Amino acid sequence: MFSFNSYSRSKSSPSKALSLSGRTQIECMDRGLRSVNGAKHIIGLINSRRTVTKLFLGHNILSDDGCVLLFTFLSSPLGRKCPIAEISLNANSIGDRGLAAISAYLMDNTTLTELFLQDNLFTSDPKTVTQFAHAINQSHLRLLSLTTNRSLADDFCRLFLPALRSRYLHELHLSAIGLTYSSAPYIAEYITSTDRCQLHTLKCNGNHLMFRGVRMIIRAIERANFGLTAVELYANNILSGPDSEDTDDDVTGTTQGYNPNAWKDVEKLLKQVLGRNTHLKKETWKEALQLLVYSRAVLLSSKELLNDGSNTLAVPISGFRFNHFPIEIKLYVLSFLSPTLCSSQRARIFTYASSTSTLPPLLTPLASTSFGRSAEPAVSSMCVPDPLVTMGFTTPPVWTINNLGDRGCAPGKCMGRRSLLCHLEQRRMLWLEQVGCLAYDQTEVV
Numbered sequence: 001m002f003s004f005n006s007y008s009r010s011k012s013s014p015s016k017a018l019s020l021s022g023r024t025q026i027e028c029m030d031r032g033l034r035s036v037n038g039a040k041h042i043i044g045l046i047n048s049r050r051t052v053t054k055l056f057l058g059h060n061i062l063s064d065d066g067c068v069l070l071f072t073f074l075s076s077p078l079g080r081k082c083p084i085a086e087i088s089l090n091a092n093s094i095g096d097r098g099l100a101a102i103s104a105y106l107m108d109n110t111t112l113t114e115l116f117l118q119d120n121l122f123t124s125d126p127k128t129v130t131q132f133a134h135a136i137n138q139s140h141l142r143l144l145s146l147t148t149n150r151s152l153a154d155d156f157c158r159l160f161l162p163a164l165r166s167r168y169l170h171e172l173h174l175s176a177i178g179l180t181y182s183s184a185p186y187i188a189e190y191i192t193s194t195d196r197c198q199l200h201t202l203k204c205n206g207n208h209l210m211f212r213g214v215r216m217i218i219r220a221i222e223r224a225n226f227g228l229t230a231v232e233l234y235a236n237n238i239l240s241g242p243d244s245e246d247t248d249d250d251v252t253g254t255t256q257g258y259n260p261n262a263w264k265d266v267e268k269l270l271k272q273v274l275g276r277n278t279h280l281k282k283e284t285w286k287e288a289l290q291l292l293v294y295s296r297a298v299l300l301s302s303k304e305l306l307n308d309g310s311n312t313l314a315v316p317i318s319g320f321r322f323n324h325f326p327i328e329i330k331l332y333v334l335s336f337l338s339p340t341l342c343s344s345q346r347a348r349i350f351t352y353a354s355s356t357s358t359l360p361p362l363l364t365p366l367a368s369t370s371f372g373r374s375a376e377p378a379v380s381s382m383c384v385p386d387p388l389v390t391m392g393f394t395t396p397p398v399w400t401i402n403n404l405g406d407r408g409c410a411p412g413k414c415m416g417r418r419s420l421l422c423h424l425e426q427r428r429m430l431w432l433e434q435v436g437c438l439a440y441d442q443t444e445v446v
């Protein structure tokens, strides 16, 4: 019987020195790995490393048997010690049994953020699809790619999207999976459900949505989605097929003869809507960060004043003491600093800002190494240097928040503009996610 412990570190240790990044990722693309024996080889490589954060296993033939064995290991206590953040299993002839094993691994998984499953043999088995959606809801997965799984088709969309309600999933790839116009209503309904959809990127290229299906999705974004900033709907048989001539407007119900200008108008509308969402998202980020600064100063000082128990009547009448106003007035005044935010977003920021437990530590803790067991491995890691800087070129930071300029994150702690991935700006994005300010919220905006 195969034992996960049978492959010791010494037995499978690499014969040559690995780079720093190579020590934490396993690249076995197109190595001819097959079924159970291929999975055993991968497990041996994992056991030979102190930690593993990425698995690149594309273009092999692990099939269901190999996939089940691999993810049974990853779901075991020994496998759970590896904080794997990215797994690529494209073109591995994996079917529904393998997908069920992947679903079991995803349950309550807080480390895996990117999963690539392109070009496999998944079907639209109701039990498997529902189990997969439920597992995603219970995970912290941020990117899922199911591109070129052509056997999925409309039945998958009908089962998967209504069951999907992950607050962490931000990017979904459904290109070339055999979708037709029948899937358009399910896509439209999902992206307009603000309590279920948190996507900023949606890719549905190479399907058969036709003109009406594409238009329905774009109209849905225009009407009730302010989070999507990247949408791809190319190569969807816009000009061919019977649906290209059936151009009943999904909003007004009117009929018009199809012509190339109709598609140009829809394409123009998509660009305008995505531009609107991008602008509102940036304003939301900026105002949320600004509101936190002023809310800290006002609300924390108010708490100190209440705890002090000093006599407010002793305050000179000639002096303007904003801190002595009732809390309702303070919150009302602070709300004018963030006109783009809705009341619930402001309330979450006020709650966060008024708690001393959310203040950053006075002394920065020692940075955890790449082998540490941090709850936030991506955040506690060092910044990724920009190679263009060393060659004499400069590029802006990944996130342009609050015009950081060349100040970077903090002296001696971050490379700032000289990095491809900024440590402190990652923390900002996690905070924006925590208070629900990653995207504009159209509800109750004053």
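Just so you know, we're using the UniProt record's numbering here: the sequence shown kicks off at 1 and counts up by one. Think of the CB as a built atom: it goes at the ideal place given N, C-alpha and C, for glycine as much as any other residue. Since this is a predicted model, take the numbers as computed values, not measurements.
Residue j and residue i - do their beta-carbons sit closer together than 8 Å?
i, j, result
"N90", "Q131", "no"
"A176", "T148", "yes"
"N236", "T192", "no"
"Q198", "H170", "yes"
"L57", "I84", "no"
"H200", "G227", "yes"
"C157", "T284", "no"
"V52", "T72", "no"
"A353", "L299", "yes"
"residue 469", "I221", "In this structure the chain extends from 1 to 446, so residue 469 is not present and cannot be described."
"L143", "E189", "no"
"C342", "D265", "no"
"I94", "S63", "yes"
"Y234", "N261", "no"
"E287", "T340", "yes"
"S301", "F350", "no"
"R348", "S338", "no"
"T203", "E232", "The sequence shown places Lys at residue 203, rather than the Thr named in the question. Cβ atoms of K203 and E232: closer than 8 Å."
"G32", "N60", "yes"
"R196", "L164", "yes"
"K281", "T356", "no"
"Y168", "L141", "yes"
"L334", "L291", "yes"
"N92", "N120", "yes"
Give me, in chain order, the residues of the same chain whose beta-carbon lies closer than 6 Å to that of residue i; leave out the 5 immediate sequence neighbours on both sides.
i, result
"C107", "Residue 107 is actually Met in this sequence, not Cys. Within the same chain, M107 has close Cβ partners A135, Q138."
"S330", "The residue you asked about is not Ser; residue 330 is Lys in the sequence shown. Excluding sequence neighbours, K330 sits near V298."
"E86", "K54, E114"
"D30", "H59"
"Y332", "none"
"S166", "I136, N137"
"A133", "F160, A163, L164"
Can you name the residues that DSSP bridges to residue i?
i, result
"F56", "E27, S88"
"A230", "T201"
"I61", "R34"
"F116", "S88, S145"
"E171", "L143, T201"
Once you ignore the five residues that flank residue i on each side, which residues in its own chain have a CB closer than 7 Å to its CB?
i, result
"L152", "F122, S124, L146, I177, G178"
"Q434", "none"
"I46", "I26, V52, C82"
"D96", "F122, T123, D125, T128"
"Y181", "L209, M210, R212, G213, D243"
"R150", "A176, I177, G178"
"F336", "none"
"L313", "Unreliable placement is indicated for L313, whose pLDDT of 44 sits below 50; no coordinate value is reported for it."
"F371", "Summary for F371: the model assigns pLDDT 36, below 50, so the residue's position carries little reliability; its value from the coordinates is reported in the next sentence. R50, T51, listed in sequence order."
Using C-beta distances below 8 Å, list every residue in its chain close to residue i, excluding the 5 sequence neighbours before and after it, in chain order.
i, result
"S35", "I61, L62, S63, D65, G66"
"S344", "G436, D441, T443, E444"
"W263", "F211, I238, L239"
* Touch test, the region 426 to 443 against the region 205 to 214, Cβ-Cβ under 8 Å, three pairs minimum -> no
* To do: Would you list, in sequence order, the uninterrupted beta strand (DSSP E) runs of no fewer than 3 residues that lie entirely inside the region 174 to 216?
  => 201 to 203
* Between the region 269 to 278 and the region 326 to 345, are three or more C-beta pairs nearer than 8 Å? -> no
* **Segment contact, 8 Å Cβ cut-off, at least three pairs: the region 85 to 104 with the region 50 to 70** => yes
* In chain order, which continuous runs of the beta strand (DSSP E) of length 3 or greater are located wholly inside the region 254 to 297? -> none
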